[in-house]
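With this note's numbering applied, the sequence shown closes on residue 707, and no number is skipped along the way.
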Amino acid sequence: MATFLHRLGRLAYRRRHVVTLIWIALLALAGVGAASAPAATSSSFSIPGTEAQKAFDLLEERFPDAGADGATARVVFKAPEGGTMTDRDSRAAVDRAVGALRSGSDQVASVTDPYAVKAVSPDGSTAYIQVSYKVSGMELTDATREALKDTGAEARESGLTVEIGGDALQTVPETGAGEIIGVIVAGVVLVITFGSLVAAGLPLLTALIGVGIGVSGITALASTLDLGSTTSTLAMMIGLAVGIDYALFIVSRYRAELAEGREREEAAGRAVGTAGSAVVFAGLTVVIALAGLAVVNIPMLTKMGLAAAGTVLIAVLIALTFIPALLGYAGRRVLGRKARKEPQAPQDDKPNMGTRWARFVLRRPLVVLLVGVIGLGAVALPAASLEMGLPDDGAQPASTTQRRAYDLLSDGFGPGSNGPLMVVVDGDKAAADRTAEHIRGLDGVAAVTPATPNKAGDTAIITVVPKDRPSSAGTEELVRDIRDTTGDDVLVSGATAMNIDFSQKMNDALLPYLALVVGLAFLLLMVVFRSVLVPLKAALGFLLSVVAALGAVVAVFQWGWLGSLFGVEQTGPIMSMMPIFMVGVVFGLAMDYEVFLVTRMREAYVHGERPGQAVVTGFRHGARVVTAAAVIMIAVFAGFIGSSEQMVKMIGFGLAVAVFFDAFIVRMAIVPAVLALLGRTAWWLPTWLDRALPNVDVEGEALRRTLGAEAPGEDERELARV
């Protein structure tokens, strides 16, 4: 592989005009496609194989006009102090609101009259209108949302307290200026690392172009492939991080080759042939982890993973082709000013920080290993209290109208009113009535509405209000009781049941997904490092860092520790998809640093150095660059903590913390400590397995032999040194 990539790097360097035009054309093409495509909507949320999804499918067939999976809104009214919602003026204001909502938009499926359906609290202080829409919250037009808000504003003029809840007010998440700050921080780190504005600008430029192509492509295909609005956010987050990092490693190796006196074209070829090999395998681990999300069998998650994986592939291709092309334009300006003036100056014998740290770890490997493992273990302790669920309006900040509507409903009707269960009976009215009577006798039930049959009379809907809040264990137990004590013709659905089924599906898929991703990556790393213990150590280190990151997420977002520092206004359960998503993304990113750092060690060991000295060599060449890459990735992910969307905020925080733990504790401390303790055993591989595995030559040994044999005239001096 190194030989092929070496030729690719030299070709891209020589044909830099063509390569540059191709990438600019791709960016322009993707931009035109995004500009002319319909706006992205929310991806249709479905969970194949669950009871809640079966109920939605049955409702879509038997109640085609009900908009069962459409957006909902609850307009909650509270009477002024001393009055009730049954007073004449209050009732008149509610009646006007009902009429306005019914005529306000053709996207409205139904509007309930609170006085007709008994949606008035027992003390008469609170009432609410239930609005159902034909489309999802993200597909509602601005005019429909404004009609909903205007109705609430008009009702407030009558002296009532009016708040609006539900997903009808859901909008495209705003990430603010956080990601811009992350890019600025990345630029500063690159300038400090390279000491050259040109060298610092190349990774930023190519990463932005790669993300531009990826996100524009997702936007262009969003309507056709039913990609949600958060898909592009995830692709941008990961694409920026890996795009900058992959380019950083190529540019860094190019500078090292120039410093050794090689011609610019040959330096570009060798940079792509050596560091490019690590980029390819690091990118493959990320792609495996993201594409493996398809194992969960949730279409939305699968699409998010595949879209992000596509952006990572673009980042790899740009690093292998566009970077060497741009290096052809930059020339020696990628070096610092002093290095350009004195290119042949002898290097200082003083060991750098990476060398000093590696020697320290080699002197005290057991102490470093214990401190690292115990420290991460302590941070991971909160993960034992992990509570998972999907956020509802109760998780919104107290300043929002959705949260205030949630609290008004809880006070007036009980906490379960915010998460009613929809029980679908596949049978006639008599069967539905018997089911309703049975449910009334179950523990945890606050109220059961009469069955509502469809026009054909073969299906009915029963609304069940639990006593406990939607995300409580009591409500989950009630759902199980209804399902266990009724027949196969009774299905429990609704947002609350869907959340319960979603969490269960994520839990069931976690171990198979982990086995698949870690297993495939283990095989890939075994091919790269020609070792059994090094990939095993990499996988165990990843598990330690990801559990520690989950512990930090629980402490901040569930317990509220330092929550105000990260903009967490309301604590609550951790989103169900967070653990499996972090496993996928963090594993891929963690393997980046494993490949980049340990490949240098493997290269030194193959070329004859002792195991301990190989560790020092790897840190001397790679520690500074890996540190810069980790800081950049942390900055990019941390930039998304400022998002208005709780999921994006939580993912940004979790990934930033996970990269910090993995890069600076696992890869920089635990890995060299373990390698020091293992010695030559670390690179052991059974003879039969060595013959069976393909030799991809990541360390570039075949490339060295090839270049030494060719010895073209213009490079004779450089090749003689090899």
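We put the CB at the ideal spot given by N, CA and C, even for glycine.
In this text, all values refer to a predicted model and were calculated from it rather than measured experimentally.
Item to complete: Output the residue ranges of the beta strand (DSSP E) runs that lie fully inside the stretch 486 to 550 and measure 3 residues or longer, sorted by chain position.
Response: Listed in chain order, there is nothing to give.
Worksheet item: Would you call residue 381 buried or exposed, if buried means 16 or more other Cβ atoms sit within 10 Å of its Cβ?
Response: As a first step, residue 381 must be located in the sequence shown, where it is residue number 396. Of the residues assessed, residue 381 falls on the buried side of the cut-off, its CB having 16 or more other CB atoms within 10 angstroms.
Worksheet item: Out of 426, 506, 64, 504, which has the shortest C-alpha to C-alpha gap to residue 471?
Response: Residue 471 sits at position 486 when you count from the first residue of the sequence shown. Closest option to residue 471, Cα to Cα, is 426.
Worksheet item: Grouping DSSP H, G and I as helix and E and B as strand, with all else coil, what is residue 381?
Response: Taking the first residue of the sequence shown as 1, we reach residue 381 at position 396. Three-state result, residue 381: coil.
Worksheet item: Hey, out of 107, 497, 315, whose CA is closest to residue 250's CA?
Response: In the sequence shown, residue 250 corresponds to position 265, counting from 1. Measuring from the Cα of residue 250, the nearest candidate turns out to be 315.
Discussion item. Once DSSP output is grouped into helix, strand and coil, what is the label at residue 188?
Written reply: What you label residue 188 is simply residue 203 of the sequence shown in a count that begins at 1. Reduced to three states, the DSSP call for residue 188 is helix.
Worksheet item: Hey, would you say residue 643 sits closer than 8 Å to residue 534, going by beta carbons?
Response: In the sequence shown, residue 643 corresponds to position 658, counting from 1. In the sequence shown, residue 534 corresponds to position 549, counting from 1. Yes, the Cβ-Cβ distance between residue 643 and residue 534 is below 8 Å.
Worksheet item: Which whole-angstrom value describes the C-beta separation of residue 476 and residue 40, a residue pair presumed to lie in contact below a C-beta threshold of 8 Å?
Response: As a working mapping, residue 476 is identified with position 491 in the sequence shown. As a working mapping, residue 40 is identified with position 55 in the sequence shown. The C-beta distance from residue 476 to residue 40 rounds to 4 Å, short enough to fall under 8 Å.
Item to complete: Assign residue 440 to buried or exposed, taking buried as 16 or more other Cβ atoms, counted over all protein chains shown, within 10 Å of its Cβ.
Response: Along the sequence shown, one-based indexing puts residue 440 at 455. A residue is called buried once 16 or more other Cβ atoms fall within 10 Å of its Cβ, and residue 440, having fewer, is exposed.
Worksheet entry | The alpha helix (DSSP H) enclosing residue 386, as first and last residue numbers | As a working note, residue 386 is residue 401 in the sequence shown. If you look at residue 386, you'll find it in the alpha helix (DSSP H) that goes 386 to 398.
Item to complete: Please report how far the alpha carbon of residue 402 lies from the alpha carbon of residue 126, in whole angstroms.
Response: Mapped onto the sequence shown, residue 402 falls at position 417. Mapped onto the sequence shown, residue 126 falls at position 141. Our two residues, residue 402 and residue 126, have alpha carbons roughly 27 Å apart in a direct line.
Worksheet item: Relative to the alpha-carbon of residue 511, which residue among 556, 81, 668 has its alpha-carbon at the smallest distance?
Response: Start at 1 with the first residue of the sequence shown, and residue 511 comes out as number 526. When 556, 81, 668 are compared, the shortest CA-CA separation from residue 511 is found for 668.
Worksheet item: residue 564 by DSSP, collapsed to three states: which one?
Response: Locating residue 564 in the sequence shown gives position 579, counting from the first residue. In this structure, residue 564 counts as helix in the three-state DSSP scheme.
Practice prompt. Please determine, among 505, 546, 432, the residue with the shortest C-alpha to C-alpha distance to residue 708.
Written response: Not covered by the structure: residue 708. The range shown for the chain is -14 to 707.
Worksheet entry | Anticipated Cβ contact below 8 Å, residue 414 with residue 429, distance rounded | Here residue 414 refers to the residue found at position 429 of the sequence shown. Here residue 429 refers to the residue found at position 444 of the sequence shown. Wrong, their Cβ atoms sit about 25 Å apart, outside the cutoff.
Worksheet item: Which residue from 99, 109, 122 puts its Cα closest to that of residue 92?
Response: Locating residue 92 in the sequence shown gives position 107, where the first residue counts as 1. For residue 92, the closest of 99, 109, 122 by C-alpha to C-alpha distance is 122.
Practice prompt. Can you give me the start and stop residues for the alpha helix (DSSP H) that residue -2 sits inside?
Written response: The count along the sequence shown starts at 1 and reaches residue -2 at position 13. Bounds of the alpha helix (DSSP H) holding residue -2 are -13 to -1.
Worksheet item: From residue 108 to residue 131, what distance separates their C-alpha atoms?
Response: For this step, residue 108 is matched to residue 123 along the sequence shown. For this step, residue 131 is matched to residue 146 along the sequence shown. So the two alpha carbons sit approximately 31 Å from each other.
Discussion item. So residue 189 and residue 171 are supposed to be a Cβ contact under 8 Å. How far apart are they, rounded?
Written reply: Numbered from 1 along the sequence shown, position 204 holds the residue referred to as residue 189. Numbered from 1 along the sequence shown, position 186 holds the residue referred to as residue 171. That belief holds up - the Cβ atoms of residue 189 and residue 171 are roughly 7 Å apart, short of 8 Å.
Worksheet item: Helix, strand or coil: which one does DSSP assign to residue 155?
Response: In the sequence shown, the residue the question calls residue 155 occupies position 170. Reduced to three states, the DSSP call for residue 155 is coil.
Worksheet item: What residues match up with residue 112 in a beta bridge as DSSP calls it?
Response: Locating residue 112 in the sequence shown gives position 127, counting from the first residue. Residue 112 is bridged to 62, 105.
Fill in: Whether residue 603 touches residue 582 by CB criterion (8 Å)
For the purposes of this step, residue 603 is taken as the residue at position 618 of the sequence shown. For the purposes of this step, residue 582 is taken as the residue at position 597 of the sequence shown. For the pair residue 603 and residue 582, the CB atoms are nearer than the 8 Å cut-off.
Worksheet entry | Beta-carbon proximity list for residue 1, same chain, < 6 Å, skipping 5 on both sides | Residue numbering aside, residue 1 sits at position 16 when the sequence shown is read from its first letter. Contacts found: 310, 313.
Worksheet entry | Residues near residue 606 in its chain [Cβ-Cβ closer than 6 Å; skip 5 each side] | Reading the sequence shown from its first residue, position 621 is the one you call residue 606. Counting only Cβ-Cβ distances below 6 Å, and skipping sequence neighbours, we find 585.
Worksheet item: Quick one, which of 292, 515, 353 has its alpha-carbon nearest residue 587's?
Response: The residue given as residue 587 occupies position 602 in the sequence shown. Distances from the CA of residue 587 to each of 292, 515, 353 were compared; the closest alpha carbon is that of 515.
Worksheet item: Would a C-beta distance cut-off of 8 Å place residue 399 and residue 481 closer than the cut-off?
Response: In the sequence shown, residue 399 corresponds to position 414, counting from 1. In the sequence shown, residue 481 corresponds to position 496, counting from 1. Against a cut-off of 8 Å, the Cβ pair of residue 481 and residue 399 comes out as no contact.
Worksheet entry | Exposure of residue 331, with buried meaning 16 or more beta-carbon neighbours within 10 Å | Translated into the one-based positions of the sequence shown, residue 331 becomes position 346. The pLDDT assigned to residue 331 is 46, lower than 50, so where the model puts this residue is not dependable, and the model offers no usable value.
Discussion item. Please return the same chain residues whose Cβ sits closer than 6 Å to the Cβ of residue 231, not counting the five positions on each side in sequence.
Written reply: Within the sequence shown, numbered from 1, the residue matching residue 231 stands at position 246. Hits under 6 Å: 264, 300, 304.
Worksheet item: Does the beta-carbon distance from residue 61 to residue 113 come in below 8 Å?
Response: The residue given as residue 61 occupies position 76 in the sequence shown. The residue given as residue 113 occupies position 128 in the sequence shown. Yes, Cβ-Cβ distance for residue 61 and residue 113 is below 8 Å.
Discussion item. Looking at residue 242: is its Cβ nearer than 8 Å to the Cβ of residue 256?
Written reply: Translated into the one-based positions of the sequence shown, residue 242 becomes position 257. Translated into the one-based positions of the sequence shown, residue 256 becomes position 271. Judged by their CB atoms, residue 242 and residue 256 are nearer to each other than the 8 Å cut-off.
Worksheet item: Since residue 293 contacts residue 219 with CB under 8 Å, what's their CB separation in whole angstroms?
Response: Indexing the sequence shown from 1 puts residue 293 at position 308. Indexing the sequence shown from 1 puts residue 219 at position 234. Going by Cβ atoms, the distance from residue 293 to residue 219 rounds to 5 Å, so yes, they are a contact pair.
Worksheet entry | residue 476 - containing alpha helix (DSSP H), residue span | As a first step, residue 476 must be located in the sequence shown, where it is residue number 491. Counting along the chain, residue 476 falls outside any alpha helix (DSSP H), though it belongs to the beta strand (DSSP E) covering 475 to 478.
Practice prompt. Pull up the distance between the alpha-carbon of residue 23 and that of residue 203, whole angstroms please.
Written response: Locating residue 23 in the sequence shown gives position 38, where the first residue counts as 1. Locating residue 203 in the sequence shown gives position 218, where the first residue counts as 1. Here the alpha carbon of residue 23 sits roughly 12 Å from the alpha carbon of residue 203.
Discussion item. Quick check: the Cα distance between residue 111 and residue 375, rounded to an integer number of angstroms?
Written reply: As a first step, residue 111 must be located in the sequence shown, where it is residue number 126. As a first step, residue 375 must be located in the sequence shown, where it is residue number 390. Spanning the two alpha carbons is a distance of roughly 27 Å.
Discussion item. According to DSSP, simplified to helix, strand and coil, what is residue 100?
Written reply: The residue given as residue 100 occupies position 115 in the sequence shown. In the displayed model, residue 100 falls within coil according to three-state DSSP, outside both helix and strand.
Worksheet entry | Residues near residue 718 by beta carbon distance below 8 Å, same chain, minus five either side | Residue 718 lies beyond the stretch modelled for the chain, which goes from -14 to 707, so this question has no answer here.
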